[in-house]
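Okay, structure first, notes after.
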Amino acid sequence: MSEDGSNADSGGGDRSETDSKVGRLIAEYDMEGMAEELERRWLGEGIERRSLRDLADEFNRELLRRAMSDAGVSPLEGEVNNLYRLLTDSDVSSGERTRARRSLESDDVDVDSLTRDFVSHQAIHTYLTKYRDVSQPSTDPEDKVEKDSETIRKMRNRLAAITTKTLENLSRTERISLGDFTVFVDVRVTCTDCNATYSVSDLLTRGGCECENA
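Quick note, the sequence shown lines up with residues 19 to 232 if you use this note's numbering.
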C-alpha cells in the first residue's frame, strides 16, 4: 500500500480505480456518480473550480452523511457540516470533539472506522490524475505556484547577497577571521506527518508532499 492509499502497481498493467483509496471508498459507500462529480468540480465544468482540499472535505462530508444514513440517522440541515468540523478542525477543543464522537457512536456510527476512511487532498489528486487520467488545464501562464516559487528564489538570493556583504565587511574590519568563501542558502521543508524532507523548490515543483493525512 502506497502513502496515498493506493496499491503499488507491480505488474505494470492497467490499474483498477478500486486500487486507490478514493476509488475503493466510492465502491464501498456506493457513491454512484461521485467519480464524475469530482472530475467536474476539479475542472470547473459549468461550476466554480474546486481546490483539491475542498474536494477532499466534500468527499469526507459525503462519507459522514452516508455513514449516518446507513445507521438509520437522517441528518438535519447543516448537521453533517458541523459534525465534520467538530471531528476534523484543529481549532475544535478536545471536549467538543469527544461530544461529537459520542453523539455519533450513540447512533451506532463507527467513528473510528469512518475517520480512518477520510481522505487527504493528495489522495484525491492521485485518484484523479493516476486512476482517472484527468489533468487540470492551466488558464494562467503565470501560475500562482510558479510566481510564489520565483518570490522565494529572489528572497533566497537576496539573503545570500546580504550575508555575503555582511561577512565581507566583518572580515575587512578584522572583526572575524575568514578566507575566501561562498554563501549557500538552502531552504528545506520537513513534513511532520511522514518525516520526508524536500528542498522548497522540489516541494513546489512536485505539487506538495505525497504523504496521506489520516
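Using N, Cα and C, we set each Cβ at its ideal position, and we do this for glycine too.
Please read these numbers as outputs of a predicted model, since none were measured by experiment.
- By the CB criterion at 8 Å, Gln-154 and Leu-61 fall inside the cutoff.
- Going by C-alpha positions, Arg-176 is about 13 Å away from Asp-204.
- For Thr-36, the three-state secondary structure derived from DSSP is helix.
- In the DSSP assignment, Ser-217 falls within the unbroken beta strand (DSSP E) covering 215 to 217.
- The beta carbon of Arg-115 lies closer than 7 Å to those of Leu-104 and Leu-105 in the same chain, with the five residues before and after it left out.
- In the DSSP assignment, the residues bridged to Arg-206 are Ser-217.
- Counted as a single uninterrupted DSSP element, the alpha helix (DSSP H) harbouring Asp-72 occupies residues 70 to 88.
- Rounded to the nearest whole angstrom, the CA to CA distance from Arg-79 to Phe-202 is 46 Å.
- Ranked by how close their Cα comes to the Cα of Phe-199, the residues Ala-53, Leu-185, Val-207 and Lys-148 have Leu-185 in first place.
- Secondary structure within the segment 82 to 129: the alpha helix (DSSP H) runs of 4 or more consecutive residues, fully enclosed, are 97 to 106 and 112 to 124 (chain order).
- Here DSSP, grouped into helix, strand and coil, assigns Leu-43 to helix.
- Straight-line spacing of the CA atoms in Asp-135 and Tyr-47 works out to 10 Å.
- The segment 51 to 70 and the segment 95 to 104 do not touch, with fewer than three beta-carbon pairs separated by less than 8 Å.
- Taken atom to atom, the span from the alpha-carbon of Thr-191 to that of Lys-183 is near 12 Å.
- Excluding residues up to 5 positions away in sequence, Leu-43, Tyr-47, Leu-132, Asp-135 and Phe-136 lie with their Cβ nearer than 8 Å to the Cβ of Leu-81 in the same chain.
- Taking all protein chains in view, the Cβ of Arg-171 is surrounded by fewer than 16 other Cβ atoms within 10 Å, so the residue is classified as exposed.
- The C-beta distance from Tyr-149 to Gly-41 rounds to 6 Å, short enough to meet the 8 Å contact threshold.
- The three-state reading of DSSP puts Asp-166 in helix, counting H, G and I together.
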